[in-house]
Amino acid sequence: MNKRILITGGAGFLGSHLCERLLERGNEVLCVDNYFTGTRRNVEHLIGHPRFELMRHDVCFPLYVEVDEIYNLACPASPIHYQHDPVQTTKTSVHGAINMLGLAKRTNAKILQASTSEVYGDPEVHPQTEDYWGNVNPIGIRSCYDEGKRCAETLFFDYWRQHQLRIKVLRIFNTYGPRMHPNDGRVVSNFVMQALQNDNITIYGDGTQTRSFCYRDDLIEAMILLMQTDDKVTGPINVGNPNEFTIKELAELVIELTGSKSKIIYKDLPQDDPTQRKPDISIATRDLSWSPKVQLKEGLQKTIEYFETVIKAEVQENKI
Ligand code: NAD
Ligand code: UDP
Ligand code: UDP
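When we follow this note's numbering, the leftmost residue of the sequence shown carries the number 4, and every step to the right adds one.
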């Protein structure tokens, strides 16, 4: 029998790809989104598919549907968006988790949480392993996201201990690819959009801070593999690409791949910006037999092609 799968945040960057992959596998997909950062356009090619249903709903409110699996992705992910209405960000993570866990409890559905490397804050352990508790400022401008996601993890593990829910917690490290929001302020989308338009490339700080970039297809594969694991596997499991780059190296690579005339300029580093980030993926390799296949250069090339079409479409629209 087809599985009925709920994806919250399904009209976002990662959610829309997950909808596609799960439909391809023959499942019924219910995509729930309040369109805060996602758009109907991200899933418009799926509308009309006999096994796809789209629902506008805010996960801060209860949801009564019948499902077998829940992927809980609803939450703005880029600092600009999650800091725009920080109270709503915490509500989405915490009330959203409570409602989706309540739904999982009533329907006996398996439930996966899209958690984040931000639970490690500005890490003092490098690379980050799942048993590291993190170094998070509880009252800073990133806290609505970091602490919201940490509290959601706590709720997942308490529902598991208290109500024997079947939970899966995935800690996602920086992921990029086509269908990222062009103006969401994340580093890959910013640099590629700036380079394609020959605008200045804005490095925050001196560009020595590091990140590890995972291509979205690798991430989606790991997410589906985790959902399929034995009930004993709860996570948390790190998923990301362990190749680490400085932000300056990323800027230079984007300039090289686009052949751009952009100049690099330096701006202030935002408060609490983590200085380093790199996943230890030994547990993902052991439990999911997974490792990332797409390296940065190849993934960036695909992302650049996507943003070229976005810019062309914008030019066309403005002409009409
Ligand atoms: P995104 O902003 O494109 O997607 C989030 C989706 O959630 C959007 O469609 C948005 O409209 C929806 N949403 C937000 N608040 C909602 C609410 N209250 N009710 C219903 N829908 C709501 O971001 P993304 O990159 O696709 O991230 C998806 C998930 O993965 C998020 O939970 C994010 O925290 C997590 N994650 C992403 C990354 C990354 O690098 N992309 C890294 C770590 C964690
Ligand atoms: N909930 C939901 N859908 C359901 C079942 C529960 O949205 O199908 C919400 C419900 O509003 C509740 C929350 O999930 O506030 C937590 O549910 P739980 O059963 O854990 O707690 P309780 O109902 O006892 O508050
Ligand atoms: N960053 C940058 N220029 C930009 C956007 C981001 O130098 O135009 C930096 C940012 O300060 C951070 C890194 O790139 O050090 C990654 O930022 P992003 O917002 O993509 O993700 P996160 O900080 O959540 O990992």
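Idealized CB from N, CA, C, for every residue including glycine.
On a predicted model such as this, the values are computed, not experimentally measured, just so you know.
Practice task
For the beta strand (DSSP E) holding lysine 171, just list the boundary residues, first then last.
Solution key: Translated into positions along the sequence shown, residue 171 becomes position 168. If you look at lysine 171, you'll find it in the beta strand (DSSP E) that goes 170 to 175.
Problem - Integer-rounded CB distance, given that valine 35 should sit under 8 Å from isoleucine 8 - result: Within the sequence shown, residue 8 is the residue found at index 5, counting from 1. Within the sequence shown, residue 35 is the residue found at index 32, counting from 1. Wrong, their Cβ atoms sit about 11 Å apart, outside the cutoff.
Problem - Closer than 8 Å: glycine 12 CB and nearest ligand 2 heavy atom - result: In the sequence shown, residue 12 corresponds to position 9, counting from 1. Outside the cutoff, so no.
Handout entry: Residue nearest to serine 118 in terms of C-alpha spacing, selected from Asp234, Thr95, Gly180, His52
Key = Here residue 118 corresponds to residue number 115 of the sequence shown, with the count starting at 1. With distances taken between Cα atoms, serine 118 lies closest to Thr95.
Problem - Limits of the alpha helix (DSSP H) - the one that threonine 95 falls within - result: Numbered from 1 along the sequence shown, position 92 holds the residue referred to as residue 95. It spans 89 to 110 - the alpha helix (DSSP H) in which threonine 95 sits, taken as one unbroken run.
Handout entry: CB of serine 215 within 9 Å of CB of arginine 174, strictly
Key = For the purposes of this step, residue 215 is taken as residue 212 along the sequence shown, with counting starting at 1. For the purposes of this step, residue 174 is taken as residue 171 along the sequence shown, with counting starting at 1. No.
Exercise for the section: Flag this pair as yes or no: are the beta carbons of proline 185 and arginine 145 separated by less than 9 Å? Expected result: In the sequence shown, the residue the question calls residue 185 occupies position 182. In the sequence shown, the residue the question calls residue 145 occupies position 142. No, Cβ-Cβ distance for proline 185 and arginine 145 is not below 9 Å.
Exercise for the section: Drop a sphere of 10 angstroms on the beta-carbon of threonine 278, count the other beta-carbons inside from all chains shown, and report buried for 16 or more, exposed for fewer. Expected result: For this step, residue 278 is matched to residue 275 along the sequence shown. By the neighbour-count rule (16 or more Cβ atoms within 10 Å), threonine 278 is not buried but exposed.
Problem - Cβ-based burial, threonine 93 [other Cβ within 10 Å; buried from 16] - result: The residue given as residue 93 occupies position 90 in the sequence shown. That one is buried.
Exercise for the section: Pull up the CB-CB distance for phenylalanine 16 and arginine 182, whole angstroms please, since I reckon it's below 8 Å. Expected result: Position 13 of the sequence shown holds residue 16. Position 179 of the sequence shown holds residue 182. The C-beta distance from phenylalanine 16 to arginine 182 rounds to 5 Å, short enough to meet the 8 Å contact threshold.
Exercise for the section: To the nearest angstrom, report how far apart isoleucine 142 and tyrosine 148 are at their CA atoms. Expected result: Against the sequence shown, residue 142 aligns to sequence position 139. Against the sequence shown, residue 148 aligns to sequence position 145. Between isoleucine 142 and tyrosine 148, the C-alpha separation is close to 11 Å.
Exercise for the section: Find out if the Cβ-Cβ distance for the pair valine 343, alanine 80 is shorter than 9 Å. Expected result: Because the chain is modelled from 4 through 323, residue 343 falls outside the range shown and cannot be assessed.
Handout entry: Pair within 9 Å by beta-carbon distance, isoleucine 73 and isoleucine 114
Key = Indexing the sequence shown from 1 puts residue 73 at position 70. Indexing the sequence shown from 1 puts residue 114 at position 111. Yes, Cβ-Cβ distance for isoleucine 73 and isoleucine 114 is below 9 Å.
Exercise for the section: Compare the C-alpha of glycine 18 against each of Arg28, Thr42, Lys6 and name the closest. Expected result: Here residue 18 is taken as the residue at index 15 of the sequence shown, counted from 1. Comparing Cα positions, the closest option is Thr42.
Problem - phenylalanine 194: CB within 8 Å of a non-hydrogen atom of ligand 4 - result: With respect to ligand 4, the structure shown offers nothing to examine, as its ligands consist of ligand 1, ligand 2 and ligand 3.
Practice task
Give the straight-line distance between the Cα atoms of aspartate 283 and leucine 253, rounded to the nearest whole angstrom.
Solution key: Sequence index remark: in the sequence shown, residue 283 carries index 280 (1-based). Sequence index remark: in the sequence shown, residue 253 carries index 250 (1-based). Straight-line Cα distance between these residues: approximately 21 Å.
Handout entry: Whether leucine 104 touches leucine 66 by CB criterion (9 Å)
Key = Start at 1 with the first residue of the sequence shown, and residue 104 comes out as number 101. Start at 1 with the first residue of the sequence shown, and residue 66 comes out as number 63. No; because the gap between Cβ atoms is not below 9 Å, this pair is not in contact.
Practice task
Evaluate contact between the segment 194 to 207 and the segment 260 to 279, counting only Cβ atoms and requiring at least three cross-stretch pairs below 8 Å.
Solution key: yes
Practice task
Can you give me the Cβ contacts of aspartate 71 inside the same chain, cut-off strictly under 6 Å, excluding the 5 residues immediately before and after it?
Solution key: The count along the sequence shown starts at 1 and reaches residue 71 at position 68. Cβ within range, chain order: Lys6, Arg7, Ala112.
Problem - Residues of its chain near isoleucine 223, where Cβ-Cβ distance is below 8 Å and the 5 sequence neighbours each way are ignored - result: The sequence position of residue 223 within the sequence shown is 220, counting from 1. These residues qualify, in order along the chain: Leu17, His20, Leu21, Arg24.
Problem - Among Asn102, Arg44, Ile314, Met230, nearest to lysine 171 - alpha-carbon criterion - result: By one-based count along the sequence shown, residue 171 stands at place 168. Answer by Cα proximity: Met230.
Handout entry: aspartate 88 versus tyrosine 135 - alpha carbon distance
Key = Translated into positions along the sequence shown, residue 88 becomes position 85. Translated into positions along the sequence shown, residue 135 becomes position 132. For aspartate 88 and tyrosine 135, the distance between alpha carbons rounds to 29 Å.
Exercise for the section: Pick out whichever of Glu320, Asn45, Leu158, Asp290 has its Cα sitting closest to the Cα of aspartate 1. Expected result: As displayed, the chain neither begins before 4 nor continues past 323, which places residue 1 out of reach and without an answer.
Practice task
Measure the C-alpha to C-alpha separation of glutamate 255 and glycine 188 and round it to an integer number of angstroms.
Solution key: Counting from 1 along the sequence shown, the entry for residue 255 is found at position 252. Counting from 1 along the sequence shown, the entry for residue 188 is found at position 185. Those two C-alpha atoms are separated by around 18 Å.
Exercise for the section: Whole angstroms is fine: what's the gap from asparagine 179's alpha carbon to alanine 100's? Expected result: Here residue 179 refers to the residue found at position 176 of the sequence shown. Here residue 100 refers to the residue found at position 97 of the sequence shown. A small correction: the amino acid at residue 179 is tyrosine; asparagine does not occupy that position in the sequence shown. Whole-angstrom Cα-Cα distance: 24 Å.
Practice task
Check whether the Cβ atoms of asparagine 201 and glutamate 133 sit closer than 9 Å, and answer yes or no.
Solution key: Position 198 of the sequence shown, counting from 1, holds the residue named residue 201. Position 130 of the sequence shown, counting from 1, holds the residue named residue 133. No.
Problem - glutamine 91 beta carbon near ligand 1 (any heavy atom closer than 8 Å) - result: Position 88 of the sequence shown, counted from the start, is the residue given in the question as residue 91. Yes, ligand 1 has a heavy atom inside 8 Å of this Cβ.
Exercise for the section: Specify the secondary structure class of methionine 58 as computed by DSSP and reduced to three states. Expected result: Sequence index remark: in the sequence shown, residue 58 carries index 55 (1-based). Methionine 58 falls in the strand class under three-state DSSP.
Exercise for the section: Take the Cβ of glutamine 298 as the centre, count every other Cβ of all protein chains shown within 10 Å, and call the residue buried at 16 or more, exposed below. Expected result: Reading the sequence shown from its first residue, position 295 is the one you call residue 298. Exposed, by the Cβ-count rule.
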